[in-house]
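Residue numbers (our numbering): 11 to 529.
In this text, a Cβ means the ideal position worked out from N, Cα and C, and glycines have one as well.
A short worksheet on the structure shown next.
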Amino acid sequence: MSEPPEAPAPEAAPASASPRTVRLAIGAAAAAMLALLLLKIAPLTFVDPDLWHQISLARELFATGHVPLSDVFAYTPTVDPVVHHEWGAGVLWLAVAKGGRHVFIAFKYLLVLGVIGLALDSARRRGASPVVLVVAALPAAFLAHYGFTTIRPQLLSMLALAGLLDFLAPERRGRARLWLLAWLPVQLIWTNVHAGFVVGLGLLGVATLERAVRREDVLPYVGLTVASTGVVLLNPWGTDYVVYLARALFMARPDVPEWAPLWSDLELRWLDLLLWLVVAGLGAYAVRVRGWRACRGVGIFVVVLLFALLHQRHVTLLAVAFFALVPGWLAQTPFEAQARGFFERRARWVIMLGVAGTLLWGGGAALRSPFTLRLPNDAVARLEGWPTYPVGAVDYLVENDFRGNVMTPFVEGAYVMWRLHPRGGRVSFDGRYEVAYPREVADAQARLYGGGSGWLDTLNAWPTDVVLVARPSPALSVMLGAPGWHVVYGDDLYVLFARPGLDLPFADRRNRQFGFTFP
11 MSEPPEAPAP
21 EAAPASASPR
31 TVRLAIGAAA
41 AAMLALLLLK
51 IAPLTFVDPD
61 LWHQISLARE
71 LFATGHVPLS
81 DVFAYTPTVD
91 PVVHHEWGAG
101 VLWLAVAKGG
111 RHVFIAFKYL
121 LVLGVIGLAL
131 DSARRRGASP
141 VVLVVAALPA
151 AFLAHYGFTT
161 IRPQLLSMLA
171 LAGLLDFLAP
181 ERRGRARLWL
191 LAWLPVQLIW
201 TNVHAGFVVG
211 LGLLGVATLE
221 RAVRREDVLP
231 YVGLTVASTG
241 VVLLNPWGTD
251 YVVYLARALF
261 MARPDVPEWA
271 PLWSDLELRW
281 LDLLLWLVVA
291 GLGAYAVRVR
301 GWRACRGVGI
311 FVVVLLFALL
321 HQRHVTLLAV
331 AFFALVPGWL
341 AQTPFEAQAR
351 GFFERRARWV
361 IMLGVAGTLL
371 WGGGAALRSP
381 FTLRLPNDAV
391 ARLEGWPTYP
401 VGAVDYLVEN
411 DFRGNVMTPF
421 VEGAYVMWRL
431 HPRGGRVSFD
441 GRYEVAYPRE
451 VADAQARLYG
461 GGSGWLDTLN
471 AWPTDVVLVA
481 RPSPALSVML
491 GAPGWHVVYG
501 DDLYVLFARP
511 GLDLPFADRR
521 NRQFGFTFP
């Protein structure tokens, strides 16, 4: 009788790499993640549209010696007082911009590194391992890159939030009173550079509540929250700032996509929603495995998750909160063990892929000129979806010593303001939106620039001298039929119409390239 065949021997598991090789693998993966982030933010070197009204205010401050409480830039009705919560950011931007384009771009990347460094330090203090940090960097990079434009005050809020989470890290708890004193200057600066400080105050309150639920010493946190709230009054407008916040925080912004829920445009934001589910799932997994008491800051994370789901602009804050908090929660979980095991078994593959990713993504970023400041003003930029600026149109007005009122679209208005205000020019509307304008002005602008019913009423409502419209646009179509209004300037992107009786020379500058100065 023959013996049964022997069962095949099981395949041997891949041998674990040496600790040095694993460290190299982690380093290669980390370099690839940094290269990926650079690839994502490399195209974002165009001057942000909001920067122009921020530095316009700063220029006015330096010229007069005080922050103007009433508007000095628009000829349309404005609110009073005008509480420009980003005034401090404008002062900072203008001071840095005096160093030139390269200094300004370098400063942007310095802020980016600050966000990464503070979030990384927070994660380290919470026990995060290098392996988990590398894994967490992938969704964090995709969500964070929206905030790394050149430059929005929201980047300062990302930096401040990363700093707050670092201050709240466990190692700080034994030095609560010293920490209280150290945070207040940061709160003062945050209050005067961006209204995002409200998120920080709210999260500080959530941290205080979490400590109370844990039955831990809560008095230092209560004191910090109360003191930080009091610091809010240290601003150029005093209590009027609080009144503005009460109005602005609950104001509907249906015309501003970044304030819409994350699910409102799945064709464009499907990846962000998917990444939201990933980071929410990782947080929920950590809480389930380790318990909520081991996940300090869980209340903060849940609140920021909700903010990001309800408002697209807050995915950047979610990236910071996720990277600063969740990797530490994943310590000593099966997830961490699996990730570490993968790096140990596949270290050489990880090194090869990490080096390849670094070269590929880093090379792609280099081709996008990540250190070149841009002011898009051609048709190619518009086709690519970047904001464009009426450089040629404003050059034309400056050349003709124009002094008057220009009806301007939402995005372009602040740039026109920066160029023309010192020469006696005023705008109808700009990116300050609720900061400066009542809702009826925004609605009137929308009627003209949308080519809708009532556009002629908008044209006749205020003493407008020149109307700036994009080419092509609904506004161009209706303005061509406006009684007495005539074209005085045109290029590939913009057209200027002058009012009846205003004598300006005609200029056709299509197929022209326009240089720019900064600031």
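For residue 427, the enclosing alpha helix (DSSP H) begins and ends at 423 to 430. Under the three-state reduction of DSSP, residue 520 is assigned to coil, being neither helix nor strand. Scanning 487, 31, 52 for the CA closest to the CA of residue 371 turns up 52. Residue environment for residue 528: exposed (fewer than 16 other C-beta atoms within 10 angstroms of its C-beta). With 16 or more neighbouring CB atoms inside 10 Å of its own CB, residue 507 falls in the buried class. Per DSSP, the beta bridge partners of residue 504 are 480. Per the DSSP secondary-structure output, residue 84 pairs in a beta bridge with 437. Apart from the 5 residues on each side of it in sequence, residue 340 sits with its Cβ closer than 6 Å to the Cβ of 142, 296, 346 in its chain, given in chain order.
Membership of residue 417 in the beta strand (DSSP E) is indicated by the continuous run 415 to 417. Residue 525 and residue 117 have their C-alpha atoms some 23 Å from each other. Annotation for residue 203: 98, 99, 163, 166 place their beta carbon closer than 6 Å to its own, counting only its chain and skipping 5 residues before and after. One alpha carbon belongs to residue 334, the other to residue 152, and they sit about 15 Å apart. For residue 496, the three-state secondary structure derived from DSSP is strand. Counting along the chain, no alpha helix (DSSP H) covers residue 472, and no H or E run does either.
For residue 57, the secondary structure class from DSSP, reduced to helix, strand or coil, is strand. Per DSSP, the beta-bridge partners of residue 384 are 56.
Cβ-Cβ distances below 6 Å link residue 90 to 80 in the same chain, with the five nearest sequence neighbours on each side left out; the list follows chain order. In this chain, the alpha helix (DSSP H) harbouring residue 112 covers 111 to 135.
Closest in C-alpha terms to residue 174, from the list 234, 144, 227, comes 234. Straight-line measurement puts the Cα of residue 373 at about 52 Å from the Cα of residue 473.
As summarised for the stretch 307 to 333, the continuous alpha helix (DSSP H) elements at least 4 residues long and confined to that stretch are 308 to 320, given in chain order.
Between residue 514 and residue 401, the alpha-carbon positions lie close to 18 Å from each other.
Per DSSP, reduced to three states, the secondary structure at residue 201 is helical. Residue 69 holds the alpha-carbon nearest to the alpha-carbon of residue 432 among 140, 28, 69.
The alpha-carbon separation between residue 308 and residue 319 amounts to approximately 17 Å. Boundaries for residue 342: no alpha helix (DSSP H) harbours it, and the DSSP string shows neither H nor E there. The Cβ-Cβ distance between residue 34 and residue 357 falls below 9 Å.
When DSSP states are grouped into helix, strand and coil, residue 398 belongs to the coil group. Annotated three-state conformation of residue 160 is strand, per DSSP. For residue 417 and residue 197, the gap between their C-alpha atoms comes out near 38 Å. Assigned with DSSP and collapsed to three states, residue 287 falls in helix.
Between the beta-carbon of residue 382 and that of residue 391 there is about 13 Å, and that puts the pair past the 8 Å contact cut. For residue 212, the closest C-alpha among the options 87, 39, 239 is that of 239. Note on geometry: alpha-carbon atoms of residue 355 and residue 36 lie some 13 Å from one another. Sequence-distant Cβ neighbours of residue 193 in its own chain, meaning closer than 8 Å and more than five residues away, are 174, 177, 234, 238. The criterion of a C-beta distance shorter than 9 Å is satisfied by residue 83 and residue 436.
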